[in-house]
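Colleague:
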Amino acid sequence: MYRKTYAEINHQNLTHNIKEIKQHYPDYKYYIGVVKNNAYHHGIKCVNALKKGGINYFAVSSLEEALDLRKYNLDTPVLILEPIDLESIYDCINNNITITVESLDYMKSLNEMKLPYETKIHLKLDTGMNRLGFKNREELEKATEMIKENNKIFLEGIYSHFATSGVNDTFWDSQLKTFQDLTKNIDLKSIPIVHLGRSLTLVNHDRIPFCNGIRLGIIMYGFAQSRKPDISLKGKLRALKLNHFKKRNNISKTNLENQLNLKTAFTLYSEVVSIRQVTKDEIVGYNALYKVKNDAFIATVPIGYADGIEKNFLHVVINQQKYPIIADSMDMIMVLVDNKIQKGMLVEIFGKDIAISEVTRKIGKNAYHLFNQIQNRVPRIHMTEDEKEETYY
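One point on numbering: in my numbering, the residue at position 167 of the sequence shown is 196, and numbering is uninterrupted.
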C-alpha cells in the first residue's frame with residue numbers, strides 16, 4: 030500500500046452475521062447471499078466468510094461478477110440475477126453458474142441452442158416491479174413446457190422480487206397474490222428452490238409457506254433493520270391510524286422489531302499526511318469557502334470525493350477525538366485540528382468511533398449508497414482469523 034487510505038473488512042463479523050440470521054430465521058433450506066457489486070463493495074474475497082456462516086448459494090448481477098466470484102469459490106452455486114447474452118452460455122455451464130430466464134422469447138432462444146451439458150435456470154416472474162420477468166401466465170406455462178421437453182435444461186428455481194416492505198402498504202400482498210396467480214397451474218413443490226424474499230421482507234414477514242429460499246443482501250453486512258416503536262403520543266396515534274389502515278385493507282401481519290445482533294464489517298481509515306498552522310481569517314480549500322475563525326491547525330488527509338468521501342461526512346476521528354472536516358477536494362480532505370495531532374496519525378472516517386448509521390444520517394443516504402460510493406481505488410484489507418491480506422479490485 031502506497032497511499033495509506035484503506036478499508037478493513039472483518040470476515041469474522043460476516044460469518045457471525047450469517048450464523049445469527051440462520052439462528053433467528055431457521056426455516057429456509059437455501060440462504061442465498063447477494064454479493065453483487067463486489068459484495069456491496071466489501072470485496073468479493075469475503076464470499077467464503079459468508080459461506081462459513083451458512084450461505085449455500087450466491088447471487089450476482091452479471092456474468093462478469095459470477096466469474097470474479099469463481100476466483101475465490103469454485104463449488105458454491107451462483108445465480109445471475111440479470112439475463113445474460115446467450116452467446117456466453119458455455120461460460121456459465123463450464124463454471125456451474127445458473128442463469129435467469131425472464132421472458133418467453135429468451136426461453137425460446139435458449140431452447141433452440143444445442144447445449145452440450147445440463148444448464149441450470151431460474152425463472153423470474155414480474156409481480157409488479159416492471160423490471161424483469163414473466164407477466165403472463167400462458168407464456169410462463171409455455172416456458173415450463175419447453176423445459177420439460179428439453180433434457181439439457183434444468184428448472185432449479187423460480188423467483189420474484191418485492192418492491193416494498195409491505196409494512197405500511199398493500200403492495201407486498203398484491204405482489205404475493207400476483208405470484209400465486211401466475212403459478213396457479215405450476216407445481217411449485219416440484220421446483221427445488223422458490224425464493225421471493227429479501228433482507229427487509231425476511232425480518233418484516235413470516236416465511237411464505239411455499240418458499241424455501243431467501244435472498245440476503247444488506248442484512249449480511251450488519252444491518253438488522255429492526256424498528257423500535259415510537260412511544261411518544263404522536264407515535265402512538267400514528268400506530269393506531271396504521272393499525273386501522275392494515276385492518277381495513279387486510280394487510281398481512283408484519284414484524285417491526287427483531288432480535289438480531291449483527292456486526293458491521295466495513296471500517297474506513299486514512300492518515301494525516303500534513304499539518305499546517307493557520308491564523309485567524311485565513312482561507313482553507315477551494316472557492317475560499319472556509320475562513321478560519323481563530324488561530325488553529327489544519328490536517329490534510331489523503332482521501333476525497335474520488336474515493337467517495339466529501340465534507341458532508343462532517344467529522345473524522347483522530348486520536349479518539351472528533352474533528353470537523355472543513356474542506357474537500359478530489360483526493361484530499363482538510364480537517365480542523367489542534368496541536369495534539371501529528372503527521373502520520375491514523376484517521377477514522379467511519380468504524381469503531383463513528384458508526385455507519387451516524388454517517389448515513391449525516392449524508393442523507395442509506396448504507397447501500399454509502400458502500401457503493403467508496404470507490405475501488407481504496408484497497409480492501411481482508412481481516413480473517415489467520416491473515417491480513419490487501420486486495421485491489
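Backbone N, C-alpha and C define an ideal beta-carbon position, used for all residues, glycine too.
1) Between which two residues does the beta strand (DSSP E) harbouring Asp210 extend?
2) Pull up the CB-CB distance for Leu152 and Val130, whole angstroms please, since I reckon it's below 8 Å.
3) Report the residue ranges of all beta strand (DSSP E) runs contained in full by the stretch 299-368; include only those spanning at least 3 residues, in chain order.
4) Would you check if there are 3 or more beta carbon pairs closer than 8 Å linking the stretch 205-223 to the stretch 143-162?
5) Under a Cβ-count criterion, where at least 16 other Cβ atoms within 10 Å of its own Cβ denotes burial, should Glu286 be classed as buried or exposed?
6) Taking C-beta to C-beta, are Met374 and Asn348 nearer than 8 Å?
7) Quick one: complete beta strand (DSSP E) runs, 3+ long, within the stretch 40-82?
8) For Met359, which residues of its own chain have a beta-carbon under 7 Å away from its beta-carbon, when the five flanking residues on both sides are left out?
9) Measuring CA to CA, which of Ile84, Met175 and Tyr298 is closest to Tyr54?
10) Check whether the stretch 34-42 and the stretch 287-297 are in contact - that is, three or more C-beta pairs closer than 8 Å.
11) How far does the alpha helix (DSSP H) with Val196 in it reach, from first residue to last?
12) Between the Cα of Lys143 and those of Glu93, Ile118 and Val376, spot the shortest distance and give me the residue it belongs to.
13) Cutting at 8 Å between CB atoms, please list the residues of its own chain near Pro353, excluding the five before and the five after it.
14) Can you give the Cα-Cα distance for Leu231 and Lys351, rounded to whole angstroms?
15) Kindly indicate which residue of Ile187, Ile247 and Thr420 has the alpha-carbon position closest to the one of His224.
16) Would you check if there are 3 or more beta carbon pairs closer than 8 Å linking the stretch 255-268 to the stretch 297-312?
17) What separation, rounded to the nearest whole angstrom, lies between the Cα atoms of Lys7 and Val407?
18) Since I believe Tyr422 is in contact with Arg409 (beta carbons under 8 Å), could you give me their beta-carbon distance rounded to a whole number of angstroms?
19) Report, in whole angstroms, the separation of the C-beta atoms of His330 and Ile362, which I expect to be a contact under 8 Å.
20) Measuring alpha carbon to alpha carbon, tell me which residue in Met136, Ala192 and Phe200 is nearest Ile22.
21) Check whether the Cβ atoms of Asn125 and Pro106 sit closer than 8 Å, and answer yes or no.
22) Name the DSSP bridge partner or partners of Gly242?
23) For Val86, list the residues DSSP reports as bridge partners.
24) Closer than 8 Å, CB to CB, is Ile347 near chain B or not?
25) Using a 10 Å radius around the Cβ and a threshold of 16 neighbouring Cβ atoms, would you call Gly62 buried or exposed?
26) Which residue comes first and which comes last in the beta strand (DSSP E) that contains Arg166?
27) Measure the beta-carbon distance from Asp235 to Lys164 and round it to whole angstroms, keeping in mind my assumption that it falls under 8 Å.
28) Given this structure, state the Cα-to-Cα distance separating Gly393 from Glu339, to the nearest angstrom.
29) Between which two residues does the alpha helix (DSSP H) carrying Tyr135 extend?
30) Jot down the residue ranges of each uninterrupted alpha helix (DSSP H) in the stretch 366-400, minimum 4 residues, whole runs only, in chain order.
Modeller: According to the structure data:
1) Counting from 1 along the sequence shown, the entry for residue 210 is found at position 181. Secondary structure note for Asp210: it is in no beta strand (DSSP E), and the uninterrupted alpha helix (DSSP H) holding it is Phe200 to Leu211.
2) As a working mapping, residue 152 is identified with position 123 in the sequence shown. As a working mapping, residue 130 is identified with position 101 in the sequence shown. About 5 Å separates the two Cβ atoms, so the contact holds.
3) 303-307, 325-330, 344-347, 350-357 and 362-366
4) A contact exists between the stretch 205-223 and the stretch 143-162.
5) In the sequence shown, residue 286 corresponds to position 257, counting from 1. Answer is exposed; the Cβ neighbour count stays below 16.
6) Along the sequence shown, read from residue 1 onward, the residue named residue 374 stands at position 345. Along the sequence shown, read from residue 1 onward, the residue named residue 348 stands at position 319. Closer than 8 Å, so yes.
7) Unbroken beta strand (DSSP E) stretches of 3 residues or longer found wholly inside the stretch 40-82: 59-63, given in chain order.
8) Looking up residue 359 in the sequence shown gives position 330. Around Met359: Gly333, Tyr334 and Ala335.
9) As a working note, residue 54 is residue 25 in the sequence shown. When each option's Cα is compared against that of Tyr54, the closest is Ile84.
10) yes
11) Reading the sequence shown from its first residue, position 167 is the one you call residue 196. Taken as a continuous stretch (DSSP letters only), Val196 belongs to no alpha helix (DSSP H), as it is neither H nor E.
12) Working through the sequence shown from its first residue, we reach residue 143 at position 114. Nearest of Glu93, Ile118 and Val376 to Lys143, Cα basis: Ile118.
13) By 1-based counting over the sequence shown, the position of residue 353 is 324. Result list for Pro353: Leu343, His344, Val364 and Leu365, in chain order.
14) Reading the sequence shown from its first residue, position 202 is the one you call residue 231. Reading the sequence shown from its first residue, position 322 is the one you call residue 351. Computed Cα separation, rounded: 36 Å.
15) Residue numbering aside, residue 224 sits at position 195 when the sequence shown is read from its first letter. Closest option to His224, Cα to Cα, is Ile187.
16) no
17) In the structure as shown, the chain starts at 30 and stops at 422, and residue 7 therefore has no counterpart that could be examined.
18) As a first step, residue 409 must be located in the sequence shown, where it is residue number 380. As a first step, residue 422 must be located in the sequence shown, where it is residue number 393. Yes, they are in contact, since the Cβ atoms of Arg409 and Tyr422 sit about 7 Å apart, within 8 Å.
19) Along the sequence shown, one-based indexing puts residue 330 at 301. Along the sequence shown, one-based indexing puts residue 362 at 333. The identity of residue 330 in the sequence shown is Val, whereas the question assumes His. With a Cβ gap of about 5 Å, Val330 and Ile362 count as contacting.
20) Nothing can be reported for residue 22, as the shown portion of the chain is limited to 30 through 422.
21) Along the sequence shown, read from residue 1 onward, the residue named residue 125 stands at position 96. Along the sequence shown, read from residue 1 onward, the residue named residue 106 stands at position 77. The answer is yes: Cβ separation under 8 Å.
22) By 1-based counting over the sequence shown, the position of residue 242 is 213. Per DSSP, Tyr59 and His224.
23) Here residue 86 refers to the residue found at position 57 of the sequence shown. Checking the sequence shown, residue 86 turns out to be Tyr, not Val. Tyr86 pairs with Ile61.
24) No chain B is part of this structure, which consists of one protein chain only.
25) The residue given as residue 62 occupies position 33 in the sequence shown. Buried: at least 16 other Cβ atoms inside 10 Å.
26) Against the sequence shown, residue 166 aligns to sequence position 137. Looking at the DSSP string, Arg166 is not in any beta strand (DSSP E); the run it does join, the alpha helix (DSSP H), is Arg166 to Glu178.
27) By 1-based counting over the sequence shown, the position of residue 235 is 206. By 1-based counting over the sequence shown, the position of residue 164 is 135. Not confirmed; about 27 Å, so no contact.
28) What you label residue 393 is simply residue 364 of the sequence shown in a count that begins at 1. What you label residue 339 is simply residue 310 of the sequence shown in a count that begins at 1. Straight-line Cα distance between these residues: approximately 13 Å.
29) Counting from 1 along the sequence shown, the entry for residue 135 is found at position 106. That run of the alpha helix (DSSP H) goes Leu133 to Asn140.
30) 385-392
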